[in-house]
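Step one of this worksheet: look at the structure below.
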Amino acid sequence: MKKTRRLAASVLVCLSLAAAALTASAAAPIKVYRDGTEVVTEASPHFVEGQVMVPLSLAGELFGQKFGYDEKNRVLTVDRRTAKLAESPDGSLAVTGTEGRNGMWEDLRLRAGEKEVDLPGKTMGPTGEYAPEFASANLTGGAKPDTVILLTQGSGTGVYVNEAVVYTADLERIPLEEAEVAMLKQFNASFAADGSAAIEADGIRTVIPAQRLLTRQADRGRAPSIGSVLRYQVEDGRLTATAGVQVGMSEFIGDLKIVYTYANGVLQAGAAAFTPYDEYR
43 MKKTRRLAAS VLVCLSLAAA ALTASAAAPI KVYRDGTEVV TEASPHFVEG QVMVPLSLAG
103 ELFGQKFGYD EKNRVLTVDR RTAKLAESPD GSLAVTGTEG RNGMWEDLRL RAGEKEVDLP
163 GKTMGPTGEY APEFASANLT GGAKPDTVIL LTQGSGTGVY VNEAVVYTAD LERIPLEEAE
223 VAMLKQFNAS FAADGSAAIE ADGIRTVIPA QRLLTRQADR GRAPSIGSVL RYQVEDGRLT
283 ATAGVQVGMS EFIGDLKIVY TYANGVLQAG AAAFTPYDEY R
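Numbering (the numbering used here), first residue to last: 43 to 323.
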């Protein structure tokens with residue numbers, strides 16, 4: 043009989059300890075990680091009756107959605123976040139979009155008054171220096187200037203890539219030859235046995251002496267390349283695209299540039315021209 047009482051007491055103590063441990067575990071702050079990175083917010087998840095309860099504000103941040111709750115009708119709504127990303131200087135044009143899960147904005151739309159059209163591509167924004175940009179230029183020779191929308195798609199150390207989308211004054215999109223593809227058709231580069239770099243663009247060859255290059259020979263890669271930095275812009279009323287020519291991961295030695303002309307209903311890339319930076323001449 044005494045053994046039975048001792049066994050019962052032992053079981054009771056174990057259950058009490060387990061309950062206390064569970065309570066302590068439930069009371070401890072719950073950390074949230076998204077793609078391996080901890081997310082720190084004012085509202086934190088809570089452990090309630092065996093389930094992790096996530097506040098709506100935190101859920102919206104984690105999943106890139108807008109959550110709302112109608113307490114009276116007991117209805118939970120989930121909507122994608124949409125916002126005005128940029129507006130032209132005169133206020134006549136605006137770009138709107140939906141925030142994606144990766145921080146980029148997609149499903150872009152271009153609006154002018156009551157008219158709205160699809161704007162292909164993705165962009166950073168709407169805050170900061172990488173919101174969509176507007177430029178006006180008569181690229182097609184029409185009676186009214188055309189509109190160029192510049193969408194920044196990537197930025198970082200040694201990296202900058204944007205995209206251009208062009209519309210007429212009536213919001214009709216003008217086909218545009220992709221700059222990187224046009225450049226690669228005309229670009230050829232290599233290293234010589236003496237360590238010098240040879241850049242050929244549109245049949246014109248430029249040699250950078252080995253002593254001008256700062257990157258160690260073992261870190262230069264197979265050949266100079268383009269693609270990490272590519273910028274569209276409007277210069278002197280013309281649409282241009284400029285790519286940085288680089289050696290290795292981070293040494294940029296010059297610019298490869300093309301100028302667009304309008305022919306047969308398409309903005310076509312012209313001849314590529316390479317210009318080395320002064321320190322590489």
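Just so you know, even glycine gets a beta-carbon here, dropped at the ideal spot from N, CA and C.
The three-state reading of DSSP puts Leu218 in strand, counting E and B together. If the five residues before and after Val276 are omitted, its C-beta is found closer than 6 Å to the C-beta atoms of Ala177, Ala179, Val190, all from its own chain and listed in chain order. Between the C-alpha atoms of Glu321 and Gly286 there is a straight-line separation of about 15 Å.
Less than 7 Å divides the Cβ of Phe109 from the Cβ of Val120.
The beta carbons of Leu192 and Ala154 sit no closer together than 7 Å. Of the other Cβ atoms in all chains shown, fewer than 16 fall within 10 Å of the Cβ of Tyr111; this residue is therefore exposed. The beta-carbon separation of Ala224 and Ala311, rounded to 3 Å, stays under the 8 Å limit for a contact.
CA-to-CA, the gap between Glu220 and Pro71 works out to about 50 Å. Under DSSP, Asn204 takes part in a beta bridge, and its partners are Thr194. Taken in chain order, the complete alpha helix (DSSP H) segments of 4 or more residues contained in the region 214-286 are 221-228.
The beta-bridge partner set that DSSP reports for Tyr209 consists of Thr189, Arg215.
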